[in-house]
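Asker:
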C-alpha cells in the first residue's frame with residue numbers, strides 16, 4: 129500500500145527553466161511533508177518542508193505547494209541548474225504522532241540539461 | 273557539528289550469514305531511525321529508537337533487529353541473510369523528541385548509508 133506516490137520516475141528540463149516535481153498521498157492523517165534530494169552513494173539531504181496548515185513554503189529557488197483537498201504537493205525549482213540533477217524524494221509524516229517515521233515516495237530522477 | 277556517520281560503508285556477505293551495521297547520530301540527537309532503500313521501492317522504514325527504546329517498527333521480518341545505546345549510537349542487525357536483503361541501509365537522526373508539543377524545526381538528517389550486497 130503506497131501511501132506516498134511519485135508517479136513520474138524521471139523528469140528532464142533545460143537549465144534556467146522551471147522544474148516541477150509532483151507527489152500524491154492517500155493518508156489524511158499526514159500533516160507534515162518534506163522533500164529530500166539524493167545523489168548516488170550519498171544519503172538523502174533535506175531540502176524543504178511544509179506543514180499542513182500552510183499551502184506554500186519558499187526557500188530560495190525551492191518552493192513547495194500543498195493542496196490538501198487534492199492530497200497533492202509539488203516542488204518547484206526556479207531556475208533549474210545542472211547541479212540540481214539528482215533523485216528527489218517526497219516524504220510524509222504524521223506529526224502529531226509519537227514517531228519520527230517518514231513515509232517516502234519512490235523518487236523522481238531530475239536531469240537538468242545545460 | 274559532525275554529521276551522521278555510518279559504518280561500514282560497504283559490505284559483502286553470503287546468504288545465511290548475519291550482519292551488524294552501526295550508526296552514530298549528530299551530537300545531541302536522541303532519535304535514530306533506520307531505512308532500507310532498494311531500486312524501485314524508495315526508502316522503507318525499518319525502525320526508530322529514542323532514548324534506547326524502540327518507538328516504532330516497520331513491516332520487516334523478525335530477522336531485522338536493532339538497538340540504541342546510552343550515547344544514542346545505534347546498531348541494526350540482520351540475521352540469516354537473504355539475497356533480497358541487498359540494499360542501501362540508511363540511518364537518520366533527529367533532534368525531535370516524541371510528543372505533540374515538540375518543536376517543529378527538527379528534520380531528520382541522513383547518513384551516507386551502508387551498501388549491503390548479499391551473494
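Residue numbers (our numbering), protein chains in the order written: chain X, 129 to 242; chain Y, 273 to 391. The C-beta atom is built at its ideal place from N, Cα and C for all residues, glycine as well. Please read these numbers as outputs of a predicted model, since none were measured by experiment.
(1) To the nearest angstrom, how far is the alpha carbon of residue 392 of chain Y from that of residue 347 of chain Y?
(2) Can you say whether residue 172 of chain X is buried or exposed, counting buried as having 16 or more other CB atoms within 10 angstroms of its CB?
(3) Is residue 159 of chain X helix, strand or coil when you go by DSSP?
(4) Can you tell me which residues form a DSSP beta bridge with residue 321 of chain Y?
(5) Run through chain Y and tell me which residues come within less than 8 Å of residue 156 of chain X, C-beta to C-beta.
(6) Run through chain X and tell me which residues come within less than 9 Å of residue 362 of chain Y, C-beta to C-beta.
(7) Among Y:381, Y:389, Y:390, which one has its Cα closest to the Cα of residue 295 of chain Y?
(8) Under the three-state reduction of DSSP, which class applies to residue 356 of chain Y: helix, strand or coil?
(9) Is residue 152 of chain X helix, strand or coil when you go by DSSP?
(10) Can you tell me which of the three DSSP states residue 233 of chain X falls into?
(11) Please confirm whether residue 314 of chain Y has its beta-carbon closer than 7 Å to some beta-carbon of chain X.
(12) The beta strand (DSSP E) with residue 338 of chain Y in it runs from where to where?
(13) Nearest to residue 321 of chain Y by CA position, among Y:387, Y:386, Y:291, Y:364, is which residue?
(14) How many angstroms separate the CA atom of residue 354 of chain Y from the CA atom of residue 360 of chain Y?
(15) Output, in chain order, the set of chain X residues within a Cβ distance shorter than 9 Å of residue 324 of chain Y.
(16) Smallest Cα separation from residue 207 of chain X: which of X:190, X:196, X:215, X:153?
(17) In chain X, which residues lie with their C-beta within 7 Å of the C-beta of residue 328 of chain Y?
(18) Within the continuous beta strand (DSSP E) that includes residue 220 of chain X, where are the two ends?
Answerer: Short version:
(1) Chain Y is shown from 273 up to 391; residue 392 of chain Y falls before or after that span and cannot be answered.
(2) Answer is buried; the Cβ neighbour count reaches 16.
(3) DSSP places residue 159 of chain X in coil when its eight states are reduced to three.
(4) DSSP lists Y:304, Y:326 as partners of residue 321 of chain Y.
(5) Neighbours of residue 156 of chain X in chain Y, taken as residues whose beta carbon is under 8 Å from its own, are absent, since the nearest beta carbon is some 17 Å off.
(6) Residues of chain X passing the Cβ test: 171, 172.
(7) When only C-alpha atoms are compared, the closest one is Y:381.
(8) In this structure, residue 356 of chain Y counts as helix in the three-state DSSP scheme.
(9) In the structure shown, residue 152 of chain X falls within a strand segment according to DSSP collapsed to helix, strand and coil.
(10) Three-state result, residue 233 of chain X: coil.
(11) It does: the Cβ of residue 314 of chain Y has a partner Cβ on chain X nearer than 7 Å.
(12) For residue 338 of chain Y, the uninterrupted beta strand (DSSP E) segment begins and ends at 336-340.
(13) The shortest C-alpha separation from residue 321 of chain Y is found at Y:364.
(14) The alpha-carbon atoms of residue 354 of chain Y and residue 360 of chain Y are separated by roughly 14 Å.
(15) None at all; the shortest Cβ gap to chain X is about 15 Å.
(16) Minimum Cα-Cα distance from residue 207 of chain X among the listed residues X:190, X:196, X:215, X:153 corresponds to X:190.
(17) Ordered by position in chain X, the residues that pass the 7 Å Cβ test against residue 328 of chain Y are 227, 229.
(18) Per DSSP, the unbroken beta strand (DSSP E) holding residue 220 of chain X starts and ends at 214-221.
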